[in-house]
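Undergrad:
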Amino acid sequence: MKILPIICLLFFQLLSAQMLEQPVEKRGFWTTIWGESPENGFKFLPFATHFQKSENPLIHGAFYTAINYKSFEVSVFNNSYNDFSMSFFYLRKIKITKKFSIDYGGGFLYGYKGRLQKVDAIPLNNTFLYSGNLNPTYGIALEYRLSKKIAISAMTNPAVIIYGLKYYW
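Quick note on our numbering: the sequence shown kicks off at 125 and runs consecutively.
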């Protein structure tokens, strides 16, 4: 878990530097919180770090691969039990600067076969919500744009942080 503070520090350093250089237009509070539709794109986030004990807590080959169109994202990935899984998200984007943004959203996971009930990092894990193969999920993603078409992306939920690249079209 020593890598998580380093990742957070890096993102906060990028954020503070960008806020000094490129402020985003002013909006009302609720308009800012609701955000906007993310740009259409393709994500490939191959690495994951787990927040609680696992067989390989630091780097796990998640190979999270997603396509998003407007506010909808569909993904396939290798979960921490080494099973094929899918997710469907509804996303919103809050632009902090021209290069740095925060995406947030919620949706559904498929493919965990009730095993998320054993993950203490997930709120309400011992309820019927996580007893089957279809489970609710939510998350936040930090994106830093390297160019017009490519961004570094780090996505987190209560159990894991996944990181890689996003390509915009």
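Glycine is no exception: its CB is placed at the ideal position from the N, C-alpha and C atoms.
This structure is a prediction, so every number in the text was calculated from the model and none was measured.
Taking the beta carbon of T155 as the centre, do at least 16 other beta carbons fall within 10 Å, making it buried, or is it exposed?
TA: exposed
Undergrad: Are F208 and G230 close, meaning C-beta to C-beta below 8 angstroms?
TA: no
Undergrad: Measuring only the C-alpha atoms, how far is S277 from S199?
TA: 15 angstroms
Undergrad: Roughly how many angstroms lie between the CA atoms of S271 and R151, to the nearest whole one?
TA: 25 angstroms
Undergrad: If you draw a straight line from the C-alpha of F168 to the C-alpha of F153, how long is it?
TA: Just so you know, the alpha carbons of F168 and F153 end up roughly 32 angstroms apart.
Undergrad: Identify, in the order they occur along the chain, each residue of the same chain with its Cβ nearer than 7 angstroms to the Cβ of G235, setting aside the five sequence neighbours on each side.
TA: Closer than 7 angstroms at the Cβ level, and outside the excluded window around G235, lie N203, D207, F208, S209, M210, N257.
Undergrad: May I have the straight-line CA-CA distance separating E267 from P162, to the nearest angstrom?
TA: For E267 and P162, the distance between alpha carbons rounds to 11 angstroms.
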